[in-house]
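Using this note's numbering, the final residue of the sequence shown is 218, and nothing's skipped along the way.
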Amino acid sequence: MKNHVRSLLFLAIVEVATPITAQTTVGVGSFGYSNGVHPTFTFIFEGTDEKYVESYWRDELKKISHEVSNKKEVVAAGALVPQISPDTVRILVKAEQRKGSPMLTAHVAILAREGYLGPDSDPGSFEGAKAFVQLHSTAIRRQLAQQELSDAEKGLARLRDDLAMLKREKERAEAGVEKSKQRAAEAATDQEHAKAEAEELGPRIEAQRNEVAATPSEEATKALDR
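Shown next, in the form of structure tokens:
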């Protein structure tokens, strides 16, 4: 019993003293559940939340357990895991995330016939439990990576769509500028034509006025009025 307490104390000190970073392999520690402090298998994730991790474990444990509840922590009663024990075991899972931290620690405690499994337990049972937690923790990491990849691909697709839209808007703007230039050139040409016609008609009208003034006649007056 004293050795068990010393082991829990040592694991707790190591857990507090070790900087938190995402893991790829299972660690060991201890955690205070609603029914007491027990040795645990731990795994640190990044980029997820408590609900996601606990939901994964709850769904997976339902496949192998007699009953699963999740009031204060996920508790699987009568779980059949042959690699740990030929008898059923009880599994407790609690995800812990400090406010504002991207890191999350999953604490998994496994109660076998001889007690909660830890470094001082039967080596076969301990390694089997560690491999069990590693398997599911890796599955969670894979799901998170796939989700991250999917989100990145969606983000890239949106950027490509935005780029295509900007390109179309640029082409429309350039076409509009070109049309405006063309209309401006046409207006300038029309203005020159109108000016030339006015300059051409001016002397003719003046000559006709003079002619009417000199020899007024009905035909000339009508022509002037036109």
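Don't be surprised by glycine CBs; every beta carbon is placed ideally from N, CA and C.
DSSP places Pro31 within a strand segment (E or B) once states are collapsed to three. Counting the other Cβ atoms within 10 Å of the Cβ of Pro111 gives fewer than 16, which makes it exposed.
With respect to the 7 Å criterion, Ile56 and Ile83 are not classified as neighbours on the basis of their beta carbons. Under the DSSP assignment, Leu103 falls in the beta strand (DSSP E) whose first and last residues are Met95 to Ala104.
For Ala71, the closest of Arg175, Gln174, Val81 and Val85 by C-alpha to C-alpha distance is Val81. In the DSSP assignment, no residue is bridged to Gly70. Secondary structure note for Glu52: its alpha helix (DSSP H) is the uninterrupted segment Glu42 to Lys54.
Our two residues, Glu198 and Gln183, have alpha carbons roughly 22 Å apart in a direct line. Sequence-distant partners of Lys122 (beyond 5 residues in either direction) whose C-beta falls short of 7 Å from its own C-beta, in its chain, are Val18 and Phe33.
Boundaries for Ser113: no beta strand (DSSP E) harbours it, and the DSSP string shows neither H nor E there. The residues His128, in chain order, have a CB closer than 7 Å to that of Glu52 in the same chain once the five nearest residues on each side in sequence are set aside.
In the displayed model, Gly24 falls within a strand according to three-state DSSP.
Contact between the region 157 to 167 and the region 126 to 142 is absent, with fewer than three C-beta pairs closer than 8 Å. Residue burial annotation: Leu148 is exposed, with fewer than 16 other C-beta atoms found within 10 angstroms of its C-beta.
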